[in-house]
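Chemist: My structure is below; once you've seen it, I'll send some questions.
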Amino acid sequence: MGQYILKRILISIIVVFLVTVFVFALIHMLPGDPARLYLGFEASEADVQEMRVKMNLDKPWHVQYYLWMNDVFHGDLGDSLLYRRPNLDIFKERIPRTVSIGIPALLISVPIALIFGIICAIKRGKWIDNLLTFFITLGMGTPVFWVSILAIYIFAMWLKLLPIQGYVSPADNFNQYLYKATLPVLCMATHMIAGVARNTRTYMLETLNQDYIRTHRAFGISERKITAKYALKNALIPVVTVLGFQVRVIIGGSLLIEQVFNIPGLGTLLVLAVNNRDYILIQNCVLMIASFTVLVSLIVDILYGYIDPRIRLSRR
Amino acid sequence: MNKYVAEKTIEERKQEKKQRSLNATREMIRVFFGRGLYAKICFGIVVAFILVAIFCPLLTPYSPYEQSLKDQFQTPNAKHWLGTDQLGRDLLTRLMYGARISLVTGLVSSLWGAFLGVTLGLIAGYSRGFAQHFIMRCVDAQLSIPSIIFTMILIPIFGATILGVGFVIGLSSIPGYARNIYAQVLSLREQDYVTAAHLVGQKKYKILIRHLLPNVFPIIIISFTVSVGAAIMAEAGLAYLGVGLNPPLPAWGSMVSEGYKYLTIYPHLAMYPGFCLMLLIISLSIVGDGLRDALDPKLRGKL
């Protein structure tokens, strides 16, 4: 187990290193000049040149990469060109908002998705499987921004149950938060239920076709006991990796959902930064998000190896 | 002595082979259309969208760009079947041209993504050592950046045109292809026929192209149908955010985004493009499911 964990950690470090190289290369391929952007279009050429020196843009790229990494390891994520403030402060302000939508969505969607997937697999081919599979297909094929707009149209404009847009932090006013965050959380959850349920169904069906399940049936063990005691445990192992993947889905979905519901979170920040070419913010924000997803998949991998010894032995 | 063994002429054998492949094709078509009414309707919808996308200039007398402010916000009527938008442009015309944009970006990006992803997956799966690990770690690295963020950053580099956006979405679909192909090749390379080809001294690239590529072909086709839908969805998301194809191009995503502003008074502006998007993506995914079952029954429910 120790060796397995060590190897996983090493691989994660390599992946994060590759991410830094990717992000660095991407940002440096972007058209435009950060120094000119920072000073505005009226600034003189000499000032811009001075700024370029100050921002280390005149140095060769490997030196720039080293300086960036040096800053990151010292906890300095640079200043935003757009907000003229340290990026770290902006992130600290924005992350809780995205999390306050993402975590409830995760908590709602996972149990529902698991139940849907298991019901579909057990009742394969029956009307309930067909119905749920239909909804899963519907959920998979509907862009998340379109789900949100439909939800706004139905629940906010037509039934007038919930507000159209806006956000209140749960720390400030919990009731208002519940009132305003319900729709975005539900939209995010619908988006996630479909994917997880589909995977759960597949894994469960695969498990139910295994020889040992047939043996249990031959022994006359009741179908209920087979599913609850033997099949479920084995089917849920691969689902763990799917759950790890949901972090990416949440972050990707937050870009669209926050835009529709006008929530000032990390997603809207990134869209704003890309539209305004806030290079330093994009660079560090993407690095932060990517490192986080790598960390989550590391944890999932270790968990996976812990639950299923076959994995940690085969991947040595 | 050979009295009882019917000698087959070359001609007969050819005939038999032809018949067999014809039977296989028939069986494939039977499975593909044998999934009930549901799948047939979806196939019809996809075909309809493709036909509309090809022939849209012939189907409508209007241009998708021509504005006429006196015709703003018309509700459906005899002249404009689905009404007009905030700039007086015919909504149905814009929807038709939007189908063209969606399908072209979906197709371009999937072809390009499939080419790169399959190549990388084949190389990573077949070569041992550095190349294998390097490619797969790069794929992991790309996968750790959510694809919408990845594409959003790349679009300014390649330009917010249909080709540029298709190219970038294609890049973002590499990990999916590469991982599927990689896993498949990893198990295929242990097969006896690969070892045999190796032993008779065939070159590595020849083994890759002659023996491994045909065997992963069903997976390529299936990943392809999945990725066309995903690419259309990605393109719409980017257009919605305003970082992809920009107005006045009639991309469905930006039409939804513009219509959203008028949702309270003129909901049809956002509703029609949104429903088109949903209809096309869902139909594509159901057609993809049918294709998967028809091509390779073993894969049912796996990809």
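Here the protein sequences line up with chains A and B, keeping their order.
The numbering of the first sequence is the working numbering, which starts it at 1 and goes up by one.
The numbering of the second sequence is the working numbering, which starts it at 317 and goes up by one.
A virtual CB, placed ideally from N, CA and C, is assigned to each residue, including glycine.
Kindly list, in the order they appear in chain A, the residues whose Cβ is closer than 7 Å to that of residue 457 (chain B).
Modeler: In chain order: 15, 18, 19, 22.
Chemist: Using Cβ-Cβ distances below 9 Å, what residues of the stretch 149-169 of chain A are close to chain B?
Modeler: Result list: 149, 150, 152, 153, 157, 164.
Chemist: Relative to the C-alpha of residue 227 (chain A), which residue among A:118, A:67, A:137, A:7 is closest?
Modeler: Ranking A:118, A:67, A:137, A:7 by Cα distance to residue 227 (chain A) puts A:118 first.
Chemist: Hey, would you say residue 430 (chain B) sits closer than 8 Å to residue 538 (chain B), going by beta carbons?
Modeler: No, these two residues do not count as a Cβ contact at 8 Å.
Chemist: Work out the CA separation of residue 224 (chain A) and residue 230 (chain A) for me, nearest whole Å.
Modeler: Roughly 10 Å between the two C-alpha positions.
Chemist: Along the chain, where does the alpha helix (DSSP H) containing residue 97 (chain A) start, and where does it finish?
Modeler: Unbroken alpha helix (DSSP H) run through residue 97 (chain A): 87-122.
Chemist: On the DSSP bridge list, what partners appear for residue 406 (chain B)?
Modeler: BP columns for residue 406 (chain B) point to B:400.
Chemist: Note down the Cα distance separating residue 579 (chain B) from residue 54 (chain A), rounded to an integer number of angstroms.
Modeler: One C-alpha to the other measures close to 48 Å.
Chemist: For the pair the stretch 393-400 of chain B and the stretch 443-462 of chain B, tell me if three or more CB-CB distances fall below 8 Å.
Modeler: No, the stretch 393-400 of chain B is not in contact with the stretch 443-462 of chain B.
Chemist: Which residues, in order along the stretch 135-146 of chain A, keep a beta-carbon less than 8 Å from a beta-carbon of chain B?
Modeler: Answer in chain order: 137, 138, 140, 141, 142, 143, 144, 145, 146.
Chemist: What in chain A is Cβ-close to residue 453 (chain B), meaning under 8 Å?
Modeler: Simply 11, 14, 15, 18.
Chemist: Starting from residue 562 (chain B) and walking both ways along the alpha helix (DSSP H), at which residues does that stretch end?
Modeler: Run containing residue 562 (chain B): none; DSSP gives neither H nor E here.
Chemist: Could you check the C-alpha separation between residue 245 (chain A) and residue 297 (chain A) for me, to the nearest Å?
Modeler: Their Cα atoms are separated by approximately 7 Å.
Chemist: Excluding five sequence neighbours on each side, which residues of the same chain lie with their C-beta closer than 8 Å to the C-beta of residue 317 (chain B)?
Modeler: Below a pLDDT of 50, predicted positions are generally treated as unreliable, and residue 317 (chain B), at 48, falls in that range; no measurement from the model is reported.
Chemist: Identify each residue in the stretch 37-67 of chain A for which the Cβ-Cβ distance to at least one residue of chain B is less than 8 Å, and report them in chain order.
Modeler: Within the stretch 37-67 of chain A, no residue qualifies.
Chemist: Who are the neighbours of residue 501 (chain B) on chain A, taking C-beta pairs under 8 Å?
Modeler: The premise fails here: residue 501 (chain B) is roughly 17 Å from chain A at the closest Cβ pair, so nothing lies under 8 Å.
Chemist: Could you check which residue in A:134, A:264, A:148 has the C-alpha nearest to that of residue 605 (chain B)?
Modeler: Residue 605 (chain B) has its Cα closest to that of A:134, out of A:134, A:264, A:148.
Chemist: Tell me, please, whether the CB atom of residue 463 (chain B) is closer than 8 Å to any CB atom in chain A?
Modeler: At least one chain A Cβ lies under 8 Å of residue 463 (chain B).
Chemist: Hey, is the stretch 257-267 of chain A in contact with the stretch 418-434 of chain B, meaning 3+ C-beta pairs nearer than 8 Å?
Modeler: The stretch 257-267 of chain A vs the stretch 418-434 of chain B: no contact.
Chemist: Please list, in chain order, all residues of the same chain as residue 485 (chain B) whose beta carbon is under 7 Å from its beta carbon, the five residues on each side excluded.
Modeler: Closer than 7 Å at the Cβ level, and outside the excluded window around residue 485 (chain B), lie 421, 425, 467, 547, 550, 551.
Chemist: Let me know the alpha helix (DSSP H) ranges lying completely inside the stretch 235-288 of chain A, each 4 residues or longer, listed in chain order.
Modeler: Counting only runs of 4 or more, we get 266-275.
Chemist: Look at the Cβ atom of residue 105 (chain A), then the Cβ atom of residue 200 (chain A), and state whether they are nearer than 8 Å.
Modeler: It is not a contact, given that the beta carbons lie outside the stated cut-off.
Chemist: Identify which residue in B:437, B:515, B:413 has its Cα closest to the Cα of residue 375 (chain B).
Modeler: Answer by Cα proximity: B:413.
Chemist: Pull up the DSSP beta-bridge partners for residue 328 (chain A), would you.
Modeler: With chain A covering 1 to 316 only, the question about residue 328 (chain A) has no answer from this structure.
Chemist: Name the chain B residues that come within less than 9 Å of residue 31 (chain A), Cβ to Cβ?
Modeler: The contacting residues are 472, 473.
Chemist: Flag residue 412 (chain B) as yes if its beta-carbon sits less than 8 Å from any beta-carbon of chain A, otherwise no.
Modeler: No, because no Cβ of chain A sits closer than 8 Å to the Cβ of residue 412 (chain B).
Chemist: Could you tell me which whole alpha helix (DSSP H) segments of length 4 or greater appear in the stretch 540-602 of chain B?
Modeler: Counting whole runs of 4 or more residues, the stretch 540-602 of chain B contains the alpha helix (DSSP H) stretches 568-576.
Chemist: Excluding five sequence neighbours on each side, which residues of the same chain lie with their C-beta closer than 8 Å to the C-beta of residue 196 (chain A)?
Modeler: So the list reads 109, 110, 113, 114, 117, 239, 242, 243, 246, once near-sequence residues are dropped.
Chemist: If you check the beta carbons only, do residue 275 (chain A) and residue 481 (chain B) fall under 8 Å apart?
Modeler: No; because the gap between Cβ atoms is not below 8 Å, this pair is not in contact.
Chemist: Got a sec: is the Cβ-Cβ distance from residue 545 (chain B) to anything in chain A below 8 Å?
Modeler: Answer yes: the Cβ-Cβ gap between residue 545 (chain B) and chain A drops below 8 Å somewhere.
Chemist: Please state the DSSP three-state secondary structure of residue 125 (chain A).
Modeler: Coil, per DSSP.
Chemist: Using a Cβ-Cβ distance cut-off of 8 Å, determine whether residue 556 (chain B) contacts chain A.
Modeler: For residue 556 (chain B), the answer is yes, since a Cβ of chain A falls inside 8 Å of its Cβ.
Chemist: To be precise: take each residue of the stretch 243-262 of chain A, compare its Cβ to all Cβ atoms of chain B, and keep it if any distance is under 7 Å. Which residues remain?
Modeler: Residues passing the 7 Å Cβ filter: 248, 251, 252, 255, 256, 259.
Chemist: For residue 306 (chain A), which residues in the same chain have their Cβ closer than 8 Å to its Cβ, ignoring the five residues on either side in sequence?
Modeler: Excluding residues within five positions, the ones whose Cβ falls inside 8 Å are 1, 312.
Chemist: Out of A:304, A:20, A:186, point me to the one whose CA is closest to residue 237 (chain A)'s CA.
Modeler: Here the closest residue by C-alpha is A:304.
Chemist: Alpha carbon to alpha carbon, how far is residue 123 (chain A) from residue 222 (chain A)? Give it in angstroms, no decimals.
Modeler: Their Cα atoms are separated by approximately 15 Å.
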